Each structure stands twice: as C-alpha cells, then as structure tokens.
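Novice:
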Ligand SMILES: NC(=O)c1ccc[n+]([C@@H]2O[C@H](COP(=O)([O-])OP(=O)(O)OC[C@H]3O[C@@H](n4cnc5c(N)ncnc54)[C@H](O)[C@@H]3O)[C@@H](O)[C@H]2O)c1
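What follows is the structure, encoded as structure tokens:
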C-alpha cells in the first residue's frame with residue numbers, strides 16, 4: 001500500500017485517480033508522497049519516507065525545495081493547469097482599470113425613486129472610462145500565464161510587448177509573432193501603458209518592480225501583480241500612487257498598506273480560484289506523483305530533470321545522485337559486478353543533480369536488494385529505489 005498525505009483540500013476529481021486498493025490517504029505519518037496546495041511545508045514535515053511532493057498549483061515557494069533536493073525528494077508542480085483562470089482575471093482587471101464599472105454598479109444600487117433610469121442617464125458621465133484598444137501592454141514573464149495574457153491582449157486590440165530572457169521553446173512557439181519581444185526589461189518600463197508581471201518568486205525576482213523601476217514608467221501606467229506579493233515593492237507603489245506617479249495598481253495579494261485607496265485594487269488571491277483550475281491542478285498533481293511512485297518517471301519537476309522510459313523489465317532501479325563525473329560508470333559497474341543484466345538505462349542531469357533509471361532483467365529480490373544497498377553506499381549517491389513492475393490487467 002502506498003501512503004499519501006494531503007494538506008489543504010485537494011479536488012476529489014484528482015484524488016479519485018489514486019485507487020483504493022493501492023493507495024491509503026492520510027493514514028500514516030510516514031508517507032511516500034505529499035500532495036498540497038498552499039500549506040507552508042517545513043523540513044519537519046518531510047520524514048525520510050517521503051519520495052515526492054506534488055503541489056496542485058504553479059508556485060512552489062511554500063515548499064523548502066533546496067532541502068528536498070538535498071534529501072533526494074522530487075518536487076512537482078502543475079504549470080499551466082491554472083493559467084487560463086489567472087489569464088481571465090488579468091484580462092478582467094485590465095478592463096476594470098480603465099472602466100469604473102464597480103463604482104458605477106454600486107452607485108446605481110443606492111438610487112431611489114421611480115426615475116432611476118433618468119438619474120442614471122444624467123449622471124453616468126462620472127463613470128466614463130477609456131479603451132484598451134491601441135494601448136501598449138508590457139508582459140514580464142512569458143510562461144503559461146504570460147503567454148496567454150499576451151496573446152489575448154493582442155486579440156483585444158492592444159499593442160503587446162513581452163520580456164522573458166528564459167522563455168521555454170514550448171511557450172515561445174505558442175506566443176503570437178505579433179507580440180514584440182523586448183531585449184531589456186527597461187523597454188517595458190519606459191514604453192508601456194499597462195504592465196503586468198508573471199514571473200515566479202525567486203531571489204532574482206524579489207522586488208523586481210520597485211522604486212527605480214516605477215520611476216522609469218510614465219505617470220499614466222496601470223500596474224498589475226498576479227504573480228506573487230514579493231515581486232512588487234508595495235511601499236514603492238504606494239509612494240508613487242500618492243505622488244500621482246502611477247495611475248493604478250491591481251494586485252492579487254492583500255497587504256494592509258494597500259487598502260482604502262481608490263487607485264489600488266486588492267483581490268484576495270483569486271487568480272486560480274475557479275472550479276476548473278482547482279480540478280485541473282489536482283488531476284495533474286495526482287497523476288504526476290502516482291506515475292513517479294509507480295514507475296520512477298519524473299515529469300514537471302522543479303528540482304530534478306524530466307526522465308521517462310518505457311517500463312518492460314520485472315524491476316527498475318532509480319538513482320538520484322550528485323552530478324559529478326563517472327557516476328553512470330559506477331552505477332553500471334555495481335550492477336554488472338552482481339551479475340545482473342541491464343535491459344535499458346536512461347540518465348539525465350540538471351544543475352548539480354542527476355537521475356538515472358536502470359531496468360534490470362532480474363527477479364531475485366534478495367540479489368536486487370543487495371545491489372541497491374551497494375549503490376546506497378556509493379559516494380555522491382543520494383537516493384536509490386527499487387520498483388517492481390506492476391501487472392497491468394488487460
Ligand atoms: N494569482 C494566482 O493565483 C496565481 C496562480 C498561478 C500562478 N501564479 C504565479 O504566477 C507565476 C507564473 O505562472 P506561470 O504558470 O506562467 O509560470 P511559468 O513557469 O509557466 O512561467 C514563468 C515565466 O517567467 C519567466 N521568468 C523567470 N524569471 C524571469 C525574469 N527575471 N524576467 C522575466 N521572465 C522571467 C520564465 O522564463 C517563465 O517563462 C507563478 O510562478 C506563480 O507565482 C499566481
């Protein structure tokens with residue numbers, strides 16, 4: 001029985017993928033897998049039994065990823081599963097930043113009398129807005145969300161400029177060629193009317209937009225943060241808003257200093273809060289973790305390379321090791337010394353770590369356990385697993 005621990009409510013459509021005969025949920029403090037959403041995971045939540053942590057969502061800053069990597073725990077996320085939900089909220093916010101619809105709706109509600117229609121017509125001028133068409137939008141970070149925002153804003157008639165020095169080949173293909181690529185981030189700051197940020201929170205992106213960056217912007221800029229609170233320096237934003245150096249700020253992250261200002265809109269982290277996004281993320285997180293537990297396949301990991309190989313042999317050995325010279329040679333030698341035949345093998349490295357799958361033509365469990373122990377004792381090997389191929393019923 002595989003033990004799984006969940007934190008937060010994970011959509012049942014996702015959890016249903018863990019068959020009752022094979023998976024026990026929240027029955028052990030020594031789980032093989034953890035599935036979570038926003039729970040801030042501490043190192044203490046990671047007993048030695050944990051092989052993988054799957055986040056039903058994109059950002060993984062609530063997970064101690066470096067500590068996981070060091071322990072050979074694979075961390076997965078579900079990039080793209082909630083991108084459409086965030087994109088729709090960003091588009092709505094772009095429109096709302098120039099059309100005071102909420103103010104108009106609230107104003108109509110407090111009218112009284114049989115002539116509300118006439119009153120509405122007479123005073124509607126105060127809620128006149130502007131249009132997005134022809135205005136220039138800057139999108140910082142062209143990943144799953146940024147790419148969708150850029151494409152759809154273009155379809156709304158905006159001129160769009162994107163900035164992402166690390167854009168992946170996949171998303172690069174999905175971005176309309178009409179989206180102009182900025183070579184420097186400063187091009188976005190100095191030339192756009194609307195600026196939206198869609199980068200992950202990392203050391204390099206902490207306060208990516210602060211006083212210096214806002215100073216480069218036109219005073220008429222509408223700024224949006226649907227990425228992570230810490231990516232924008234809210235103190236600098238408020239100083240600019242109060243000095244009329246920024247037209248508006250919309251953020252998905254509540255912060256006391258942003259409240260009660262009519263040019264600042266604060267949403268209670270609603271980006272991915274749609275039924276569709278929660279279901280999608282849960283399904284993908286569960287499928288990824290289950291595949292890893294049952295076959296060792298790594299897909300959508302933030303700390304280990306993607307590795308996949310068809311599983312035909314009776315047993316598979318998986319090895320996580322430091323990415324130093326001759327590890328593959330040592331792994332093969334330990335297995336060959338035990339007179340075990342290797343059927344198939346794949347190895348991928350990523351930064352300082354590497355991952356290897358070795359399929360062996362051997363069914364003697366004690367012989368395999370012996371080899372696994374020898375591998376565990378090898379310098380620079382962090383984790384070794386032995387996986388038995390499951391019989392798939394036809
Ligand atoms: N508001 C919400 O509820 C909500 C929901 C989902 C995601 N998010 C946030 O949005 C972020 C983006 O999500 P995504 O699914 O598009 O992620 P993604 O990984 O698909 O895309 C992130 C992009 O940012 C780029 N990038 C990284 N550093 C950069 C930098 N310094 N300058 C420019 N580009 C840079 C990467 O190359 C990548 O293309 C997530 O990391 C998460 O923090 C928020």
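In full-length UniProt numbering, the protein residues as written are 1 to 394.
We put the CB at the ideal spot given by N, CA and C, even for glycine.
As the structure is a prediction and not an experimental result, all values here were calculated from the model.
1. To the nearest angstrom, how far is the alpha carbon of residue 254 from that of residue 44?
2. Per DSSP, what kind of secondary structure is residue 105 in: helix, strand or coil?
3. Go through its chain and collect everything with a Cβ distance to residue 75's Cβ below 7 angstroms, but skip five positions before and after it.
4. Buried or exposed: residue 222, going by 16 or more other Cβ atoms within 10 Å of its Cβ?
5. When you compare each of 109, 89 and 272 to residue 196 by their alpha carbons, which one comes out closest?
6. Check whether the stretch 70-87 and the stretch 98-115 are in contact - that is, three or more C-beta pairs closer than 8 angstroms.
7. Tell me which residues share the same chain as residue 393 and place their Cβ nearer than 7 angstroms to its Cβ, disregarding the 5 neighbours each side in the sequence.
8. Pick from 233, 122 and 366: whose alpha carbon is nearest that of residue 315?
9. Secondary structure at residue 20, three-state DSSP: helix, strand or coil?
10. Considering only DSSP beta bridges, list what residue 3 is partnered with.
11. Cβ of residue 86 within 7 angstroms of any heavy atom in ligand 1?
12. Can you tell me whether residue 83 sits near ligand 1, meaning its C-beta is under 7 angstroms from at least one heavy atom of the ligand?
13. Report the residue from 154, 187 and 186 whose alpha carbon sits nearest the alpha carbon of residue 177.
14. Given 7 angstroms as the limit, tell me if residue 340 has its C-beta closer than that to any heavy atom belonging to ligand 2.
15. Can you check the stretch 255-315 for any alpha helix (DSSP H) of at least 4 residues that lies completely inside it and give the ranges in chain order?
16. At what residues does the beta strand (DSSP E) containing residue 342 begin and finish?
17. In chain order, what residues of the same chain lie with their CB nearer than 8 angstroms to the CB of residue 382, ignoring the 5 residues before and after it?
18. Write down the C-beta distance between residue 334 and residue 375 rounded to the nearest angstrom, noting that I regard them as a contact closer than 8 angstroms.
19. Rounded to a whole number of angstroms, what is the C-alpha to C-alpha distance between residue 241 and residue 219?
20. So, is residue 206 buried or exposed, given that buried needs 16 or more other C-beta atoms within 10 angstroms?
21. Within 10 angstroms of the Cβ of residue 260, are there 16 or more other Cβ atoms? Answer buried if so, exposed if not.
22. Count the other CB atoms, across all protein chains shown, that sit within 10 Å of the CB of residue 326; report buried if there are 16 or more and exposed otherwise.
23. Starting from residue 222, follow its DSSP beta bridges and name the residues at the other end.
24. Return the Cβ separation of residue 201 and residue 230 in integer angstroms, given the expectation that the two are a contact with Cβ distance under 8 angstroms.
25. From the DSSP output, in three-state form, read off residue 161 for me.
26. With 16 as the cutoff for other CB atoms within 10 Å, does residue 341 come out buried or exposed?
27. What three-state label does DSSP hand residue 326 in the structure shown?
28. On the DSSP letters alone, give me the boundaries of the beta strand (DSSP E) that residue 355 sits inside.
29. In the DSSP assignment, what residue or residues form a beta bridge with residue 123?
30. Count the other CB atoms, across all protein chains shown, that sit within 10 Å of the CB of residue 148; report buried if there are 16 or more and exposed otherwise.
Specialist: Looking at the coordinates:
1. The residue labelled residue 254 in the question sits at position 254 within the chain shown. The residue labelled residue 44 in the question sits at position 44 within the chain shown. Between the alpha carbons of residue 254 and residue 44 lies a gap of roughly 28 angstroms.
2. One-based indexing of the chain shown puts residue 105 at position 105. Of the three classes helix, strand and coil, the one that applies to residue 105 here is helix, per DSSP.
3. Your numbering for residue 75 matches position 75 in the chain shown. Correct list, in chain order: 53, 60, 63, 65, 68, 301, 302 and 303.
4. The residue given as residue 222 occupies position 222 in the chain shown. It counts as buried.
5. Position 196 of the chain shown, counted from the first residue, corresponds to residue 196. For residue 196, the nearest C-alpha among the options comes from 89.
6. Remark: fewer than three beta-carbon pairs, one from each stretch, lie closer than 8 angstroms, so the stretch 70-87 and the stretch 98-115 are not flagged as touching.
7. In the chain shown, residue 393 corresponds to position 393, counting from 1. Note on residue 393: pLDDT 49, under 50, position unreliable in the model; the coordinate value appears next. Excluding sequence neighbours, residue 393 sits near nothing in its chain.
8. Within the chain shown, residue 315 is the residue found at index 315, counting from 1. Looking at the Cα atoms, 366 is the closest of the given residues.
9. Residue mapping note: residue 20 aligns to position 20 of the chain shown, counting from 1. In the three-state reduction of the DSSP assignment, residue 20 falls in the coil class, being assigned neither a helical nor a strand state.
10. The residue labelled residue 3 in the question sits at position 3 within the chain shown. Paired residues: 24.
11. Your numbering for residue 86 matches position 86 in the chain shown. Ligand 1 approaches residue 86 closely enough that one of its heavy atoms is under 7 angstroms from the residue's Cβ.
12. The residue you call residue 83 lines up with position 83 of the chain shown. True, at least one ligand heavy atom lies under 7 angstroms from that Cβ.
13. As a first step, residue 177 must be located in the chain shown, where it is residue number 177. Considering only alpha carbons, the answer is 154.
14. For the structure depicted, ligand 2 is absent and the ligand set comprises only ligand 1.
15. The qualifying runs are 275-295.
16. Counted from its first residue, the chain shown places residue 342 at position 342. Taken as a continuous stretch (DSSP letters only), the beta strand (DSSP E) holding residue 342 covers 342-350.
17. Walking along the chain shown from the start, residue 382 turns up at place 382. Result list for residue 382: 70, 71, 72, 320, 321, 322 and 353, in chain order.
18. Working through the chain shown from its first residue, we reach residue 334 at position 334. Working through the chain shown from its first residue, we reach residue 375 at position 375. Under the criterion of beta carbons closer than 8 angstroms, residue 334 and residue 375 qualify as touching, at roughly 5 angstroms.
19. Mapped onto the chain shown, residue 241 falls at position 241. Mapped onto the chain shown, residue 219 falls at position 219. Distance between the alpha carbons of residue 241 and residue 219: 9 angstroms.
20. Numbered from its first residue, the chain shown carries residue 206 at position 206. Counting Cβ neighbours within 10 Å, residue 206 comes out exposed, since fewer than 16 surround it.
21. Translated into positions along the chain shown, residue 260 becomes position 260. With fewer than 16 other CB atoms across the displayed protein chains lying within 10 angstroms of its CB, residue 260 is exposed.
22. As a first step, residue 326 must be located in the chain shown, where it is residue number 326. Exposed.
23. Reading the chain shown from its first residue, position 222 is the one you call residue 222. According to DSSP, residue 222 bridges with 194 and 248.
24. Taking the chain shown and counting its residues from 1, the one referred to as residue 201 is at position 201. Taking the chain shown and counting its residues from 1, the one referred to as residue 230 is at position 230. The Cβ separation is near 6 angstroms, so the contact holds.
25. Walking along the chain shown from the start, residue 161 turns up at place 161. Looking at residue 161 - three-state DSSP - the assignment turns out to be strand.
26. In the chain shown, counting from the first residue as 1, residue 341 sits at position 341. Residue 341 counts as exposed, since fewer than 16 other beta carbons sit within 10 angstroms of its beta carbon.
27. Here residue 326 is taken as the residue at index 326 of the chain shown, counted from 1. Three-state DSSP puts residue 326 in coil, outside helix and strand.
28. Locating residue 355 in the chain shown gives position 355, counting from the first residue. Residues 353-360.
29. For this step, residue 123 is matched to residue 123 along the chain shown. In the DSSP assignment, no residue is bridged to residue 123.
30. As a working note, residue 148 is residue 148 in the chain shown. By the 10 Å Cβ count, residue 148 comes out buried.
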